[in-house]
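**Student:** Whatever position you read off the sequence shown (first residue = 1), add 921 for the working numbering.
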Amino acid sequence: MSVVTQNAQTQTARPNTGPLRADTRIVTQGGIPLKGRLRIGGAKNAMLPMMAAALLTDEPCVLENVPILEDIFVMVDLLRSLGAEVELDAEKHRVRIHAKEITDRRAPVELVERMRASFLVSGPVLARTGEMTTPAPGGCKLGSRPVDVDVRGFKRMGAKVFVGDGYYEMSSPRLEGADLYMDYPSHTGTENLLMAATLARGTTTIVNAASEPEIVALGNALSEMGARIEGLGTPYIRVHGVERLRGYHTAVLPDRLEAGTFAIGAVVTGGEVVLENVNERDMLPLIYKLREAGAEVWWSEGDMMVRSSRTLESVEIQALPFPGFPTDLQAAFSVLLTQAEGTSRIFERVFNDRLRYVSELQKMGANVDVPNSQEARIHGPSRLTGAEVRALDIRSGACLILAGLIADGETSVSDIIHVRRGYENIVGKFSSLGANIRYE
Ligand code: EPU
């Protein structure tokens, strides 16, 4: 079935975000404490659904504080392939999307296979045009990542869904409001159903909805477009469908995962960093665990300050949906735990295979057991030494860079395309805090 592959357009011209050959590596020399101030950029995981939401209206939508990274380029290409005009201004960190018409209702496989968030266009296109064909999405390999929640929800809202060999064909003259129960509070599943419900006839309730800050940010953008939503940020969301939506002009919220990565970096290198443009509430799960491990975190006028001034202690981490500890930071936190006294435990309860990075950390001398695919026991402190390691996904790449910043000697991280998917200018940002880091 080639229907989903026919309409890919030429790839968007990329702004220069650094060297990116298949064999480009990030090389670090460990031992320098991170020091200084860093402004945190916009959140990738809020930006992607907000871009998809622009497909719900024929009016222009403008987003500010846009992070310039690979996943955004994929979304730009995807929106263009569906007929939207998209202008990305990398210098101003701004994107303007105008989906005056949806000219194609088939998502190209070569884009969708690169990123799970591609599936986020299906709710808006189905709701606006009554049709959507899309392959099952790809993305980081973290274990099983079905889209059952989304598809079941579309069906409950009256869509006919044909499941072909690796693709979905969905149609519905107009979606109908429905009572939806999510077996699991899926992050993108909640976003997809929330967007679809805004244009459905009648009221939709989503019970056991996810409540991540990025979902609240999407809901706020939808409300600015004229959507009628109650209960954002809680497990009970209610959406009263409207006939049409208008454009939005809004800014993307700060990236709690980028902020968390640099905060952990400050602690693990024994440095002191001020992070600007961070939302305190979004950072709370990480802050509790940083303090419990012995770090100091304090706030001043919206800036988050982090430092480590004493011996780190072992802690237990449970990665759970928000406001649980973020699964996207457990790999980075594991580096800190290699430096803590005693045995720490990480329970990964969101994904069933997100500890594969441990084998890379072990190459650097980390003392970690993995009794099962969702539990790691880290025995510390252990001295890490530089090694050649491989980024397996976005966050494991960031974890290995952090490990390289404290290791003796040189660490070389390959497959850094993963890191570039989720972090803007990570080499420049760590360098600005004094790290010895470069592309090679
Ligand atoms: N799940 C189901 N059924 C479904 C959907 C999901 O059982 O129908 C399960 C999955 O198997 C998985 C768990 O739910 O075990 C979490 O999946 P979820 O759908 O919530 O995650 P996601 O939407 O695929 C988003 C982020 C991830 C982040 C997770 C958890 C985006 C684009 N991606 O993924 O971010 O880890 O939520 O918060 O928002 C990253 O940025 O590096 C990243 C992987």
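Glycine included, each C-beta is placed from N, C-alpha and C at the ideal position. Bear in mind that the values here come from a model prediction, so they are computed numbers and not experimental data.
Take CYS1061 as the anchor and find which of LYS965, SER1317, VAL1334 and GLU1345 has the nearest alpha-carbon.
**Tutor:** On the sequence shown, position 140 is the one that residue 1061 refers to. The option with the nearest alpha carbon to CYS1061 is SER1317.
**Student:** Tell me whether TYR1105, by its Cβ, gets closer than 6 Å to a heavy atom of the ligand EPU.
**Tutor:** Residue mapping note: residue 1105 aligns to position 184 of the sequence shown, counting from 1. For the ligand EPU, at least one heavy atom lies less than 6 Å from the Cβ of TYR1105.
**Student:** Is VAL1084 buried or exposed, if buried means 16 or more other CB atoms sit within 10 Å of its CB?
**Tutor:** Translated into the one-based positions of the sequence shown, residue 1084 becomes position 163. Exposed is the call here.
**Student:** So, under 8 Å CB-CB, GLY1186 and LEU1323 are touching, yes? Tell me the CB distance rounded to an integer number of Å.
**Tutor:** Here residue 1186 is taken as the residue at index 265 of the sequence shown, counted from 1. Here residue 1323 is taken as the residue at index 402 of the sequence shown, counted from 1. That pair is a contact at about 5 Å.
**Student:** Are at least three pairs of beta-carbons, each pair with one atom in the stretch 1060–1074 and one in the stretch 1138–1145, less than 8 Å apart?
**Tutor:** The stretch 1060–1074 vs the stretch 1138–1145: no contact.
**Student:** Please tell me whether, using a cut-off of 6 Å, the distance from the CB of ILE1358 to the nearest non-hydrogen atom of the ligand EPU is below it.
**Tutor:** Taking the sequence shown and counting its residues from 1, the one referred to as residue 1358 is at position 437. Result no, Cβ not under 6 Å from the ligand EPU.
**Student:** Quick check: the Cα distance between LEU1369 and ALA1356, rounded to an integer number of angstroms?
**Tutor:** One cannot answer for residue 1369 here, as it falls past the ends of the chain, which runs 922 to 1361.
**Student:** If you run the structure through DSSP and keep just helix, strand and coil, what is SER1335?
**Tutor:** Mapped onto the sequence shown, residue 1335 falls at position 414. SER1335: strand per DSSP, three-state reduction.
**Student:** Indicate the three-state DSSP secondary structure (helix, strand or coil) for PHE1243 in the structure shown.
**Tutor:** The count along the sequence shown starts at 1 and reaches residue 1243 at position 322. The answer is coil: DSSP assigns PHE1243 none of H, G, I, E or B.
**Student:** Alpha carbon to alpha carbon, how far is VAL924 from GLU1164?
**Tutor:** Counted from its first residue, the sequence shown places residue 924 at position 3. Counted from its first residue, the sequence shown places residue 1164 at position 243. For VAL924, the predicted model reports a pLDDT of 32, less than 50, meaning its position is unreliable; a value from the coordinates is still stated below. For VAL924 and GLU1164, the distance between alpha carbons rounds to 30 Å.
**Student:** At least one CB of chain C closer than 7 Å to the CB of ILE1337: is that the case?
**Tutor:** Absent here is chain C; the protein component of the structure consists of one chain.
**Student:** With DSSP as the reference, label ASN928 as helix, strand or coil.
**Tutor:** Position 7 of the sequence shown, counted from the start, is the residue given in the question as residue 928. The predicted position of ASN928 is uncertain, since its pLDDT is 35 and thus under 50; no value can be drawn from it.
**Student:** For the ligand EPU, is there any heavy atom lying closer than 6 Å to the beta carbon of ARG1316?
**Tutor:** Along the sequence shown, read from residue 1 onward, the residue named residue 1316 stands at position 395. The answer is yes for ARG1316.
**Student:** Tell me whether ASN937 is buried or exposed, calling it buried when 16 or more other Cβ atoms sit within 10 Å of its Cβ.
**Tutor:** Here the question's residue 937 lines up with position 16 in the sequence shown. ASN937 should be labelled exposed.
**Student:** What do you reckon, are the CB atoms on THR1332 and SER1303 nearer than 7 Å?
**Tutor:** As a working note, residue 1332 is residue 411 in the sequence shown. As a working note, residue 1303 is residue 382 in the sequence shown. Taking 7 Å as the Cβ cut-off, THR1332 and SER1303 do not qualify as a contacting pair.
**Student:** Threshold first: 3 residues or longer. Then list the beta strand (DSSP E) segments lying entirely within the stretch 1249–1332, N to C.
**Tutor:** Listed in chain order, they are 1263–1269, 1288–1293, 1296–1301 and 1309–1311.
**Student:** With a CB to CB cut of under 7 Å and the five nearest residues on each side skipped, what residues in its chain are close to ALA1080?
**Tutor:** In the sequence shown, the residue the question calls residue 1080 occupies position 159. Counting only Cβ-Cβ distances below 7 Å, and skipping sequence neighbours, we find LEU1047, MET1091, SER1092, SER1093 and LEU1096.
**Student:** To which residues of the same chain is HIS1161 closer than 7 Å at the C-beta, ignoring the five residues directly before and after it?
**Tutor:** The sequence position of residue 1161 within the sequence shown is 240, counting from 1. Closer than 7 Å at Cβ, skipping near neighbours: THR1124 and ARG1149.
**Student:** So the candidates are ASP1224, ARG1275, GLY1301 and ILE1238; which of them puts its Cα closest to the Cα of ARG960?
**Tutor:** Here residue 960 is taken as the residue at index 39 of the sequence shown, counted from 1. Cα-wise, what sits closest to ARG960 is ASP1224.
**Student:** Using DSSP with H/G/I as helix, E/B as strand and the rest coil, what is GLY957?
**Tutor:** Your numbering for residue 957 matches position 36 in the sequence shown. If DSSP states are grouped into helix, strand and coil, GLY957 belongs with the strands.
**Student:** Relative to the alpha-carbon of SER1235, which residue among GLY1154, VAL1289 and VAL1218 has its alpha-carbon at the smallest distance?
**Tutor:** Along the sequence shown, one-based indexing puts residue 1235 at 314. When only C-alpha atoms are compared, the closest one is VAL1289.
**Student:** Taking the continuous beta strand (DSSP E) assigned at MET1225, which residues delimit it?
**Tutor:** For this step, residue 1225 is matched to residue 304 along the sequence shown. First-last of the beta strand (DSSP E) with MET1225: 1224–1229.
**Student:** Quick one: what's got a C-beta closer than 6 Å to GLY1098's C-beta in the same chain, skipping five residues either side?
**Tutor:** Numbered from 1 along the sequence shown, position 177 holds the residue referred to as residue 1098. For GLY1098, where only same-chain residues beyond five positions count, the Cβ hits under 6 Å are ALA1121, GLY1123, THR1124, THR1125 and GLY1162.
**Student:** Using the rule of at least 16 other Cβ atoms within 10 Å of the residue's Cβ for burial, across every protein chain shown, is LEU1114 buried or exposed?
**Tutor:** Counting from one through the sequence shown, the residue named residue 1114 turns up at place 193. Answer is buried; the Cβ neighbour count reaches 16.
**Student:** On a Cα-Cα basis, can you pick out the residue from GLY1147, ASN1200 and PRO988 that is closest to TYR1169?
**Tutor:** What you label residue 1169 is simply residue 248 of the sequence shown in a count that begins at 1. Residue GLY1147 is the option with its Cα nearest to TYR1169.
**Student:** When every heavy atom of the ligand EPU is checked, does at least one fall within less than 6 Å of the C-beta of GLY1154?
**Tutor:** Counting from one through the sequence shown, the residue named residue 1154 turns up at place 233. No - the ligand EPU has no heavy atom lying nearer than 6 Å to the Cβ of GLY1154.
**Student:** Measure the beta-carbon distance from SER1335 to ARG1035 and round it to whole angstroms, keeping in mind my assumption that it falls under 8 Å.
**Tutor:** The count along the sequence shown starts at 1 and reaches residue 1335 at position 414. The count along the sequence shown starts at 1 and reaches residue 1035 at position 114. Incorrect: roughly 19 Å between the Cβ atoms, too far for contact.
**Student:** Where does GLU1179 fall in DSSP's three states?
**Tutor:** Residue mapping note: residue 1179 aligns to position 258 of the sequence shown, counting from 1. In this structure, GLU1179 counts as helix in the three-state DSSP scheme.
**Student:** Based on DSSP bridge pairs, tell me the residues matched to MET1053.
**Tutor:** Mapped onto the sequence shown, residue 1053 falls at position 132. Its beta-bridge partners are MET1091.
**Student:** Under three-state DSSP, which class holds SER1107?
**Tutor:** Looking up residue 1107 in the sequence shown gives position 186. Looking at SER1107 - three-state DSSP - the assignment turns out to be coil, as it is neither helix nor strand.
**Student:** If you draw a straight line from the alpha carbon of LEU1276 to that of GLN1295, how long is it in whole angstroms?
**Tutor:** In the sequence shown, the residue the question calls residue 1276 occupies position 355. In the sequence shown, the residue the question calls residue 1295 occupies position 374. If I take the Cα positions, the gap works out to 7 Å.
**Student:** Relative to the alpha-carbon of LEU1305, which residue among GLY951, GLY939, PRO940 and ALA943 has its alpha-carbon at the smallest distance?
**Tutor:** If you number the sequence shown from 1, residue 1305 lands on position 384. Selected option, being the one with the closest Cα: GLY951.
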